[in-house]
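A short write-up of the structure that comes next.
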Amino acid sequence: MLDVMPLQTAVDALADRLRSLPQSALRRGAAAEGLALARKLATRAQLIERPGQRPREFPDGGIFAAGDQLAVAGHDLVEALRVAAAAPAAGTPDAAGPAAEADAKVAPAEHLAEAVRWVRAAAGRC
């Protein structure tokens, strides 16, 4: 089972931080940073959930919605990663054994680690 808590915790902390920032800080770029990250996370979730389909653009809800938008996009990615990690690999029989199961979970684990890095980097810029 893939441990998605590091991503969920990082997203929740940054979303709460964005929600608590004054308007001046949001206007100076924190809201734009939050929206850019939300769009990146939403795109990754859509590519996992609907491979081969073009991702839809995450809308701009305004500076005061940046924290909520980040939370929604982050939680969508958390759920997409959970489902992807729990699903058997395409074309792999369910009874293929632990080695096949481990290989099937490499991509979600890599996506998870990358997303955590994105969130932490954005938090450093906000």
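At position 64 of the sequence shown (counting the first as 1) the number is 76 in our numbering, and the numbers step up by one without a gap. Built from N, CA and C at the ideal position, the CB exists for glycine as well.
Would residue i be called buried (16 or more neighbouring beta carbons within 10 Å of its own) or exposed?
{"i": "residue 35", "result": "exposed"}
{"i": "residue 43", "result": "buried"}
{"i": "residue 45", "result": "buried"}
{"i": "residue 65", "result": "exposed"}
{"i": "residue 86", "result": "buried"}
{"i": "residue 120", "result": "buried"}
{"i": "residue 70", "result": "buried"}
Flag this pair as yes or no: are the beta carbons of residue i and residue j separated by less than 7 angstroms?
{"i": "residue 79", "j": "residue 27", "result": "yes"}
{"i": "residue 57", "j": "residue 89", "result": "yes"}
{"i": "residue 95", "j": "residue 22", "result": "no"}
{"i": "residue 82", "j": "residue 16", "result": "no"}
For a test of the three-state rule: what should DSSP assign to residue i, helix, strand or coil?
{"i": "residue 41", "result": "helix"}
{"i": "residue 99", "result": "coil"}
{"i": "residue 122", "result": "helix"}
{"i": "residue 89", "result": "helix"}
{"i": "residue 70", "result": "coil"}
{"i": "residue 17", "result": "helix"}
{"i": "residue 64", "result": "coil"}
Please report the straight-line C-alpha distance between residue i and residue j, rounded to a whole angstrom.
{"i": "residue 37", "j": "residue 68", "result": "28 angstroms"}
{"i": "residue 133", "j": "residue 98", "result": "28 angstroms"}
{"i": "residue 24", "j": "residue 50", "result": "12 angstroms"}
{"i": "residue 91", "j": "residue 39", "result": "30 angstroms"}
{"i": "residue 18", "j": "residue 138", "result": "19 angstroms"}
{"i": "residue 32", "j": "residue 53", "result": "21 angstroms"}
{"i": "residue 104", "j": "residue 48", "result": "Low per-residue confidence applies at residue 104: pLDDT is 48, beneath 50, and the placement is therefore not dependable, though the value from the model is reported in the following sentence. Between residue 104 and residue 48, the C-alpha separation is close to 36 angstroms."}
{"i": "residue 73", "j": "residue 30", "result": "13 angstroms"}
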